[in-house]
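Quick note: the sequence shown, position 56, residue 145 per my numbering, numbers continuous.
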Amino acid sequence: MKILVLNCGSSSVKYKLIDSKTEKVLAEGGVEKIGLPDSFIKFKRHDGTKGVIETPMPDAKAAVKVVLDVLTDPKEGVIRSFDEIEAVGHRVVHGMEKFNKSVLITPEVIEKVKECYVVAPLHNPANITGIEAVTELMPDVPQVGVFDTAFHQTMPAKAYMYALPYEAYEKYGVRRYGFHGTSHRYVSRRACEFLGLDYDKQRIITCHIGNGASITAIEDGKSVDTSMGLTPTEGLMMGTRSGDVDPGALVYLMQQYGLDAEGLQKLVNKQSGVLGVSGISSDMRDIEDAIARGDEKAKLAMDMYEYRILKYIGAYAAVLGGVDVIVFTGGVGENQIGTREVICKKLAFMGVTFDAEANKTRGKEIEISGKDSKVHVVVIPTDEELMIARDTAAIVGE
């Protein structure tokens, strides 16, 4: 079964065409700058080279059409017609308490996803636009929604509730939902396969560390706590997001800067984190370069970034009553050798020993803990698209 996986954002569309039987990626690429005059699609060719086509794409529907046109292009494509696409799997960011697993897209499901717009105004509308575009272009093809929040619906109330008036939860659904669930689900299970462990009998801490970052505590195959909250802003320090901050400080800054709600959203989501502290960049590679030049703010940003990861791992080890496996994934988790080393060496008190030679690896599955380590520490590149394709195949049926 050929499954098209779509991740539709407000100004971009990422895609992969996957053969669900072999799990081979047949094609992949992405559209950027939707709605702007210089919009373009970039994609990987059969021989591994990259192609770029600039073409006007005023909206997501036009972007999805361009994706389909490239997939069926006589020169660049890998399929002859749309008919070869047997199902489409969509990443949907927020499902609140309405979805605890992936579902077949129906009109009723679409309405429920729209009810979540209030807590995901930047993401869910774009996800729905992608679904509606596929419905118009390929009306007979089944579609599946895979929710970032679904994996975390197993959290107990003591973990997901905020210490706010209970009415905030009852009337407005204010609670911890967590995100990156598809990634945490994939890498935790894959780590156990890689290590030859029974997934349903492990205490696992998964660290999805990138420009957006979250950590999840998993016990016997179920998420029991996670660092992101009602929105993806809570938790770790991220590329441009603040992560945990005293809410009183936010009220104070609103008063001092004269910010409204929109201004505060911009401050904590776009102007904070690594970018805000360093004043240089949200990209950790730029921060590493600046540290090498002796930049003190860059060093502070890196220290803060790593310190918060360490704190959450320690907290979740306590929640789990110990830990059997720690997983690093995401752009930083998979590639930043120095950060992994700093964190692992600080975990010696938990019985973690560190293999410095094995750690000199980027973007590959590998165990970086020593043979005598009481905790397995592994790097597992995430593959959310494959997880979405698997869910789609399971729901639609081979």
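The C-beta atom is built at its ideal place from N, Cα and C for all residues, glycine as well.
Residue pairing for L193: DSSP places it in a beta bridge opposite V233. About 4 angstroms separates the CB atoms of V235 and S191; that is less than 8 angstroms, so the two are in contact. Distance from D148 to G124 at the Cβ level is roughly 7 angstroms; contact confirmed, criterion being Cβ atoms closer than 8 angstroms. The stretch 141 to 156 and the stretch 195 to 214 do not touch, with fewer than 3 CB-CB distances between them shorter than 8 angstroms.
In the three-state reduction of the DSSP assignment, T442 falls in the coil class, being assigned neither a helical nor a strand state.
Put simply, of D237, F171, I174 and I369 the residue whose alpha carbon is nearest the alpha carbon of V202 is D237. Where V357 is concerned, the enclosing alpha helix (DSSP H) starts and stops at A350 to K359. Membership of H273 in the alpha helix (DSSP H) is indicated by the continuous run G270 to L284. Close CB contacts of L409 within its chain, under the 7 angstroms cut and outside five residues either way in sequence, are with R292, A306 and E308 (chain order). Distance from the CA of I415 to the CA of L348, rounded to the nearest whole angstrom, comes to 40 angstroms. A check of alpha carbon separations from L115 across R397, A350, K122 and R134 identifies R134 as the nearest.
From the listed residues V223, Y206, E112 and P145, the smallest Cα separation to N96 is found for V223.
Nearest to G299 by alpha-carbon distance, out of A209, S371 and V467, is S371.
The count of Cβ pairs closer than 8 angstroms, one atom from the stretch 448 to 456 and one from the stretch 152 to 169, stays below three, leaving the stretches out of contact. Rounded to the nearest angstrom, the gap between the Cα atoms of L226 and D314 is 40 angstroms.
As far as DSSP is concerned, N424 takes part in no beta bridge. In this structure, the CA atom of D287 is about 10 angstroms from the CA atom of A280. Under the 10 Å beta carbon count, S331 is surrounded by 16 or more other beta carbons and is classified as buried. For the pair A381 and I369, the CB atoms are not nearer than the 8 angstroms cut-off. Apart from the 5 residues on each side of it in sequence, M393 sits with its Cβ closer than 7 angstroms to the Cβ of M326 and V366 in its chain, given in chain order. Between Y266 and H241 the beta-carbon gap is near 6 angstroms, inside 8 angstroms, which marks them as a contact.
Distances from the alpha-carbon of S272 to those of E395, G427 and V182 put V182 closest.
In this structure, DSSP gives K131 an extended state, which the three-state scheme calls strand. Taking C-beta atoms as the reference points, I174 and K103 fail to come closer than 8 angstroms. Its Cα nearest to that of K435, the residue G403 stands out among K460, G403, V485 and G285. Leaving aside the five residues that flank V177 on each side, the residues in its chain whose CB is nearer than 8 angstroms to its CB run, in chain order, I92, L93, V94, L95, V223, M227, V230, P231, Q232, V233 and T481. Taking the C-beta atoms as reference points, C433 is found nearer than 8 angstroms to V441. Excluding sequence positions up to five before and after P214, its CB lies within less than 7 angstroms of the CB of Y206, all in the same chain and listed in chain order. As the crow flies, the alpha-carbon of A390 is around 18 angstroms from that of D335. For I293, the secondary structure class from DSSP, reduced to helix, strand or coil, is strand.
For A483 against I107, the beta-carbon gap comes to about 13 angstroms, at or over 8 angstroms, which does not count as contact.
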